[in-house]
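When you line the sequence shown up against mature numbering (1 follows the signal peptide of the UniProt record, and there is no 0), it's residues -24 to -1, 1 to 341, in that order. Some notes on the structure that comes next.
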Amino acid sequence: MKFTKLGRVAAIAAAGALLLSSCAANEGGGDNSDDNGGDETTSLSGTLNGVGASSIGAASEAWVAGFQTANDGVTVNYDAQGSGAGREAFVGGGADFAGSDAVLDAGEESSLCTADGYPINLPIYISPIAVVFNLDGIDELNMDAATITQIFKGEITNWNDEAIASQNEGVELPDQAISPVYRSDDSGTSENLADYLHAVAPDDWTEEPSGTWPWDGGEGAQQTSGVVDAVSNNVGTFGYVDASRADGLGTVALQVGDEYVPYSAEAAAAVVDASPIEDGRPDGDLAVEIDRTTTEPGVYPAVLVAYAIACSTYEDAAKGELVQEYLTYITSEDGQQVAADAAGSAPLSSTLRDQITESISQMAG
């Protein structure tokens, strides 16, 4: 496989994406028949192993089911160990692709790639990060970034603190201790939340954003499911999760400009569409530089973009073809709708999807 210059095979890839998407769309009834009653089959075969972000767990289950139904000779395994584990596995050659809520740094290498190949980051999933809590009788609160940071740092310790009460007039806040919960594993969700808080409240969130939680105190929990369990099972808790896992928990509307914006797929997609691709990335790499400090109405800046990390060219050409076809499906219009239905994510915009399709198409020359 060879990674060619941009634009060489976009038309061929678009046709292939359309065919693959139509196959995947037929999986809902459990058969692979076309509109005329005939059977559609593909010649793809083999096994793909992915490791990475737990935030895309629900979407990945739906993607795997759709892709395997359309390609019954293929097995896709996705182990949601966390973003850090995914990047480590991909770099070390232990996974064919990674899922990560934080990009792989430019210049990093993987033993899976050819000598003239390199890792690329491709957006596959957009979702708000929900700041969540557990209080009896309260479903939503307003907070600015400074207040959220001070709670996580242990500087605001009670739910009826004036910093919270002043932003929630008319809400009867309890005289109760706040118990922060954070991700104890290396987490892209943590890094994205930290990136937002550091950008908007730098005097409070003073540490450089990373996937490792910087503050002592509170309760550490493994992966998204661990945070959900810790917050759900204890009144007074305060944490953060991918919004697909926030059902049943109280959620925080973030201050953006002069308004408070609750999370939604639409508000998350809006801030991504308004953000540029990072400078200095190699051909085909589409790492997005989120504008966390925007004050545009209706945007939700605490958003994560999950990436598929793959090789521009693979040493194993057959494996590279499988990765290419899988990524073509999950980033197609049909694949994005499958994720939205399963996880409540925001489908990629047509503009971003076209860029991704072009990048994927150039993985085969």
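Yeah, the Cβ is synthetic: ideal placement off N, Cα and C, and Gly gets one too. Computed from a prediction, not measured in an experiment: that's the story for all the values here.
Are the beta-carbon atoms of residue i and residue j separated by less than 8 Å?
| i | j | result |
| --- | --- | --- |
| Tyr276 | Ser240 | yes |
| residue 343 | Ala322 | Nothing can be reported for residue 343: it is not among the residues displayed for the chain, which extend from -24 to 341. |
| Gly212 | Ser155 | yes |
| Asp72 | Lys295 | yes |
| Met339 | Thr307 | no |
| Thr23 | Val107 | no |
| Asn136 | Asp151 | yes |
| Ser30 | Thr182 | no |
| Val281 | Asp267 | no |
| Ala219 | Pro104 | yes |
| Gln143 | Thr125 | no |
| Asn25 | Asn53 | yes |
| Thr271 | Gly233 | yes |
| Trp191 | Ser160 | no |
| Gly42 | Tyr305 | yes |
| Asn118 | Ser208 | no |
| Ala318 | Glu37 | yes |
Can you give the Cα-Cα distance for residue i and residue j, rounded to whole angstroms?
| i | j | result |
| --- | --- | --- |
| Ser127 | Gln300 | According to the sequence provided, residue 127 is Ile. The question's Ser does not apply to it. Straight-line Cα distance between these residues: approximately 43 Å. |
| Leu149 | Ala244 | 28 Å |
| Tyr158 | Phe66 | 25 Å |
| Asp259 | Glu84 | 14 Å |
| Trp39 | Asp205 | 25 Å |
| Ile32 | Gly146 | 37 Å |
| Leu98 | Asp330 | 12 Å |
| Leu303 | Gln231 | 35 Å |
| Ile96 | Leu80 | 8 Å |
| Ala35 | Gln44 | 14 Å |
| Gly215 | Thr18 | 45 Å |
| Glu138 | Arg221 | 29 Å |
| Asp292 | Leu88 | 8 Å |
| Ala170 | Asp120 | 14 Å |
| Cys287 | Ala229 | 38 Å |
| Asp249 | Leu298 | 29 Å |
Within 10 angstroms of the Cβ of residue i, are there 16 or more other Cβ atoms? Answer buried if so, exposed if not.
| i | result |
| --- | --- |
| Gly28 | buried |
| Ser335 | buried |
| Ile140 | buried |
| Ile285 | buried |
| Asp162 | buried |
| Ile253 | exposed |
| Gly75 | buried |
| Ala153 | exposed |
| Thr327 | exposed |
| Gly202 | buried |
| Pro185 | buried |
| Gly93 | buried |
Could you tell me whether any non-hydrogen atom of the ligand NAP is closer than 7 Å to the CB of residue i?
| i | result |
| --- | --- |
| Asp249 | By its list of ligands, the structure shown contains no ligand whatsoever, and the ligand NAP lies outside what it can speak to. |
Cutting at 7 Å between CB atoms, please list the residues of its own chain near residue i, excluding the five before and the five after it.
| i | result |
| --- | --- |
| Arg257 | Ala82, Ala263 |
| Gly187 | Ser59, Gly60, Ala78, Asp162, Ser163, Gly164, Ser166, Glu167 |
| Asp115 | Gly226 |
| Ser21 | Gly49, Val50 |
| Gly320 | Ala219, Ser220, Ala241 |
| Gln312 | Pro323, Leu324 |
| Ala315 | Ala35, Ala38, Trp39, Tyr101, Ser321 |
Measure from the C-beta of residue i to each C-beta in chain B and report whether the shortest distance is under 8 Å.
| i | result |
| --- | --- |
| Gly202 | Annotation note: the requested chain B is absent from the structure, which comprises a single protein chain. |
Look up residue i in the DSSP assignment and say whether it is helix, strand or coil.
| i | result |
| --- | --- |
| Ser76 | strand |
| Gly212 | coil |
| Ile336 | helix |
| Asp15 | Reliability of the predicted coordinates at Asp15 is poor, the pLDDT of 48 falling under 50, and no value is obtained from them. |
| Glu138 | helix |
| Tyr236 | strand |
| Arg268 | coil |
| Val279 | strand |
| Ala41 | helix |
| Asn97 | strand |
| Asp218 | strand |
| Asn8 | Reliability of the predicted coordinates at Asn8 is poor, the pLDDT of 40 falling under 50, and the value obtained from them is presented with this limitation in mind. Correct three-state label for Asn8: coil. |
| Leu173 | helix |
| Asp168 | Before going further, note that residue 168 is Asn rather than Asp in the sequence given. In the structure shown, Asn168 sits in a helix (DSSP, three-state: H, G or I). |
| Ala229 | strand |
| Gly62 | helix |
| Leu(-7) | With a pLDDT of 32 at Leu(-7), under the threshold of 50, the modelled position of that residue is not reliable, and no figure is offered here. |
| Val27 | strand |
| Asp81 | coil |
| Thr327 | helix |
| Asp55 | strand |
I'd like the list of long-range same chain contacts for residue i, defined as Cβ closer than 8 Å, with 5 residues on each side in sequence excluded.
| i | result |
| --- | --- |
| Glu235 | Pro273 |
| Asn134 | Asp151, Gln152, Ala153, Ile154 |
| Gly62 | Gly26, Val27, Gly28, Ala29, Ala71, Ala74, Gly75, Ser76, Ile285 |
Just to confirm my understanding: we take residue i, look at its own chain, exclude 5 residues before and 5 after, and list those with CB closer than 6 Å. What are they?
| i | result |
| --- | --- |
| Gly193 | Gly130 |
| Ala91 | none |
| Leu173 | Ala121, Thr125, Trp181 |
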